[in-house]
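**Student:**
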DNA sequence: ACCTGAACACCGTTCAAGT
DNA sequence: ACCTGAACACCGTTCAAGT
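Chains as they are written, first to last, in the working numbering: chain A, 618 to 817; chain B, 618 to 817.
Written out as structure tokens, the structure is:
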């Protein structure tokens, strides 16, 4: 017990510990000293793996973006890459925020300096936003979604689900009933809002 | 210069100073010591007027909610309390966030403990959310907006403009062109999304 | 009443030193 | 290479003391 810790993957353990602390006590309660203490290492051990506290938060955000991307992609493809898949993506986005509020707050809460928030890249297939743009283009080709610029439509769709997600995790809605109800209504109103007008 | 400062309204000056610091250097750069120093008072003078740092932030948020409510009410009434006024409210909301990002982040950034964020009160005429609910009810009576529960519709509308506002102030959009474009598209798609279906 | 200065318990971060 | 302990410069907050 007195020899040095040999974590198989100390950086990974530190990220997990950080998420756990944020989950339980809030972002303001996250301290590097606390992370080290709970992991049984010195309070400066973290600097061997991260440049500073912000770098640790960036790792949390990066993990969140990976998880979000995976779930959105899964929803879109297993939903049949059509109208149903699109609705599933919307629900999956909000679900992700509700299931992983700590990650979500770090990703979008503005506490990061030099954020890793992937800037909208319509051609990127590896990021969540790219998946959204591709989905919208597919729906436009199918004549389901109106012919606005896909990039702008994607920003709008993002804004809608992001807004619902923030309300859901900020305690404005009484979970879980209100969250489910608003999610359902939001996905439906979103669809009506961007659907193609009836063909002349 | 050595006698005690006699501010006409020290609490107000402190709130203004806090907003200015957040505006220039970010929320993380706000320190009570900095506020005191810039105002020429001791670093503990603040405790005569606020219970702690969180209380100062609550005052910033409260000021923001007052300003937002005023601008939304103005947009709704001077827009004729109809479809045009509703669109004006949406634009005013996003404009407020863009014009006062410091206030907006404190109001909704989750940095407050025991937030003063007014919980949705459909009957409250003094808060922004109440104004929104009343506006939606008026539009429903006019047959312009679909007959969903006003409370739920209001949450949806709030989510949409809140989402756009967050994207706008978080640097995702290139100001000002992208912000104007997305705002215009969002208000239009929002309208289509909640409008009443054509009468049979 | 209002403000001050010293003090306390906490941070993030750096760095020389240990294995 | 990886980790440690002491140290530094900063916080928020408390409190006895001044006017």
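For glycine and all other residues, C-beta sits at the position ideal for the given N, C-alpha and C. Keep in mind it's a predicted model, so treat the numbers as computed, not measured.
Could you please tell me which residues of the stretch 743–772 of chain B, in chain order, have their CB closer than 8 Å to any CB of chain A?
**Tutor:** Hits within the stretch, in order: 765, 769, 770 and 772.
**Student:** Kindly list, in the order they appear in chain A, the residues whose Cβ is closer than 8 Å to that of residue 798/B.
**Tutor:** 769
**Student:** Mind checking if residue 663/A is an interface residue toward chain B, Cβ cutoff 8 Å exclusive?
**Tutor:** Chain B, which has no Cβ nearer than 8 Å to the Cβ of residue 663/A, makes this no.
**Student:** Could you check if residue 791/B is buried or exposed, using at least 16 other CB atoms within 10 Å of its CB as the buried criterion?
**Tutor:** Note on residue 791/B: under 16 other CB atoms within 10 angstroms of its CB, so exposed under the neighbour-count rule.
**Student:** Buried or exposed: which applies to residue 642/A, given that a residue is buried once 16 or more other Cβ atoms fall within 10 Å of its Cβ?
**Tutor:** exposed
**Student:** Could you give the distance in angstroms between the alpha-carbon of residue 794/B and the alpha-carbon of residue 636/B?
**Tutor:** 26 Å
**Student:** Where does residue 723/A sit, in a helix, a strand or coil, going by DSSP?
**Tutor:** helix
**Student:** Check whether the Cβ of residue 717/B lies closer than 8 Å to any Cβ atom in chain A.
**Tutor:** No, no contact with chain A.
**Student:** Which residues, taken in chain order from the stretch 630–654 of chain B, show a beta carbon closer than 9 Å to some beta carbon of chain A?
**Tutor:** 643, 644 and 645
**Student:** Take every Cβ of the stretch 671–686 of chain B, pair it with every Cβ of the stretch 704–722 of chain B, and state whether three or more of those distances are shorter than 8 Å.
**Tutor:** yes
**Student:** Smallest Cα separation from residue 703/A: which of 711/A, 645/A, 753/A and 726/A?
**Tutor:** 753/A
**Student:** Out of 805/A, 761/A, 747/A and 729/A, which one is the CA nearest neighbour of residue 674/A?
**Tutor:** Comparing Cα-Cα distances from residue 674/A to each of 805/A, 761/A, 747/A and 729/A, the minimum goes to 729/A.
**Student:** Within its chain, find whatever has a CB closer than 6 Å to the CB of residue 807/B; leave out the 5 residues flanking it on each side and keep chain order.
**Tutor:** 777
**Student:** Can you pull the chain A residues whose beta carbon is under 7 Å from the beta carbon of residue 803/B, in chain order?
**Tutor:** 773 and 776
**Student:** Keeping to the same chain, check which residues put their C-beta closer than 7 Å to that of residue 800/B; ignore five residues upstream and five downstream.
**Tutor:** 708, 711 and 781
**Student:** Can you list the residues of chain B that residue 722/A reaches, using a CB-CB cut of under 8 Å?
**Tutor:** 727
**Student:** In its own chain, which residues sit with a C-beta less than 7 Å from the C-beta of residue 750/B, not counting the 5 before and 5 after it?
**Tutor:** For residue 750/B, the CB contacts under 7 Å within the same chain, skipping 5 residues up- and downstream, are 739, 767, 768 and 771 in chain order.
**Student:** Give the single residue among 632/A, 655/A, 648/A and 685/A whose Cα lies nearest to the Cα of residue 748/A.
**Tutor:** 685/A
**Student:** Start and end of the alpha helix (DSSP H) containing residue 652/A?
**Tutor:** Per DSSP, residue 652/A belongs to the alpha helix (DSSP H) from 649–656.
**Student:** When the Cα atoms are used, what is the spatial distance from residue 784/B to residue 661/A?
**Tutor:** 35 Å
**Student:** From residue 756/A to residue 700/A, what does the alpha carbon distance come to, in whole angstroms?
**Tutor:** 7 Å
**Student:** What are the complete alpha helix (DSSP H) segments, minimum 4 residues, inside the stretch 678–727 of chain A?
**Tutor:** 700–716 and 718–725
**Student:** Does the beta carbon of residue 783/A sit closer than 8 Å to a beta carbon anywhere in chain B?
**Tutor:** yes
**Student:** With 8 Å set as the bound, which would you pick, yes or no: does the beta-carbon of residue 809/A sit closer than that to a beta-carbon of chain B?
**Tutor:** yes
**Student:** Using CA coordinates, which residue listed in 663/B, 698/B, 640/B and 691/B is at the minimum distance from residue 626/B?
**Tutor:** 663/B
**Student:** Quick check on residue 640/B: buried or exposed, where buried means 16 or more other Cβ atoms within 10 Å of its Cβ?
**Tutor:** exposed
**Student:** Residue 657/B CB to nearest chain A CB: under 8 Å?
**Tutor:** no
**Student:** Among the candidates 762/B, 789/B and 802/B, whose CA atom is the shortest distance from the CA of residue 814/B?
**Tutor:** For residue 814/B, the closest C-alpha among the options 762/B, 789/B and 802/B is that of 762/B.
**Student:** Can you find the residues in the same chain that come closer than 7 Å, C-beta to C-beta, to residue 649/B, ignoring five residues on each side of it along the sequence?
**Tutor:** 660, 663 and 670, listed in sequence order.
**Student:** Could you check how far apart the C-beta atoms of residue 652/A and residue 634/A are, in whole angstroms? I think they sit under 8 Å.
**Tutor:** 5 Å
**Student:** With which residues is residue 812/B paired in a DSSP beta bridge?
**Tutor:** DSSP output for residue 812/B lists 762/B as bridge partner(s).
**Student:** Helix or strand or just coil, what does DSSP make of residue 799/B?
**Tutor:** helix
**Student:** Could you check what DSSP says for residue 663/B in three-state terms: helix, strand or coil?
**Tutor:** Taken through DSSP and simplified to helix, strand or coil, residue 663/B comes out as helix.
**Student:** Between which two residues does the alpha helix (DSSP H) containing residue 642/A stretch?
**Tutor:** 627–642
**Student:** Exposed or buried, what is residue 688/B when buried is set at 16 or more other beta-carbons lying within 10 Å of its beta-carbon?
**Tutor:** buried
**Student:** Taking the straight line between their C-alpha atoms, what separation do you get for residue 804/B and residue 811/B?
**Tutor:** 11 Å
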